[in-house]
Amino acid sequence: MEDNHIGAVLVSGQPGVAGIITDRDLALAVIGGKLDPQTTPVSEIMSEEVIACDIGGEIEELVRLMRENGVRRIPLMEGGRPVGFVTFDDLIVDGSVALEHLQGIVSAQLEVEAPQKPAGMLHPSAAITAQSRTRALMRAKARAEATYARMIQAVVEATGLERDRSERALLIACCMLCRRLTPDEAQDLIAQFPSMLKPHLDQCLSGPDRDVTRQAMEDEVSKSIGATAENASRVIQAIFDVVADNVSPGQIAEVRGQLPEDMKDLIPARS
């Protein structure tokens, strides 16, 4: 955002667009919510419901979408892929949208409900209270729990194990992976995981521990979930497939670069 002087970025996913994050999200969720910007994943503060418009749409359609959804930025899509943005500022500069329509967009956004402002009101009705701060913390906690739950569910689906065993296997495999890396590299990896994993993995920064091998990892997972060595190997591979889907390709490349040859293929490369 700083480098390009913009107020929003789209978040990529598997496949397509996973969400959108704005400078306002950063101010309210990260600064206002007292989250650590070094360790909070984008997925915990982004808006998952992206209001988009086909690139062949009319300006009237953009105005309607902004007004009805209380947003000022609309991604343009072509063939299911994002190809651009139209912002409220663009409409002002273009000059083709009537003033009353621009006013409608602003009013719609101002009328969105907030802890101290009822829906439909343009201004707050009271000063910030401890109750509103509690609500903000509860929302942040709910987002963190939802992000963690999505990752656990992905592991459940990939491994075929029930939730408890999937979670245990995930924690063991990720902890041992972090121990095999340098502390700095492990911290960079942990920063891209759901924040609820962080307290568990912060205890796994003693590396690089060369006693962590593929066989050692299989033995630990096998013992923890009561599986055969062959099944433990399959579970570990499935877990790291999920990890690769939740971590940036650049970070995956850095992690693979620190692993011995017989462990590199545990974590699939992503482009």
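Numbering (the working numbering), first residue to last: 451 to 721.
Glycine included, every Cβ here is placed at the ideal spot set by N, Cα and C.
This structure is a prediction, so every number in the text was calculated from the model and none was measured.
- When C-alpha distances from isoleucine 675 are compared across Val521, Ala596, Ala623, the shortest belongs to Ala623.
- Look at the segment 660–713 and you find these whole runs of alpha helix (DSSP H), each 4 residues long or longer: 664–675, 679–696, 699–707.
- Straight through space, the alpha carbons of asparagine 519 and valine 500 are spaced by roughly 10 Å.
- In the three-state DSSP reduction, glycine 534 falls in the strand class (E or B).
- Valine 467 carries a strand assignment under DSSP once its states are collapsed to helix, strand and coil.
- Note on arginine 474: under 16 other CB atoms within 10 angstroms of its CB, so exposed under the neighbour-count rule.
- Between phenylalanine 538 and proline 525, the gap from beta carbon to beta carbon reaches 7 Å or more.
- Residue burial annotation: isoleucine 542 is exposed, with fewer than 16 other C-beta atoms found within 10 angstroms of its C-beta.
- Under the rule that a run must span 4 or more residues, the alpha helix (DSSP H) segments found entirely inside the segment 512–559 read 538–544.
- Of Glu511, Pro491, Asp453, the smallest CA-CA separation from glycine 469 is found for Pro491.
- Take glutamate 498, set aside five residues on each side of it, and the residues of its chain with a beta-carbon closer than 8 Å to its own are Ala468, Gly469, in chain order.
- With respect to serine 683, glutamate 668 sits close: the two C-beta atoms are nearer than 7 Å.
- Our two residues, cysteine 628 and leucine 651, have alpha carbons roughly 7 Å apart in a direct line.
- Here glycine 657 is buried: its Cβ has 16 or more other Cβ atoms, across all protein chains shown, within 10 Å.
- By alpha-carbon distance to arginine 517, the top candidate from Leu552, Lys673, Met646 is Leu552.
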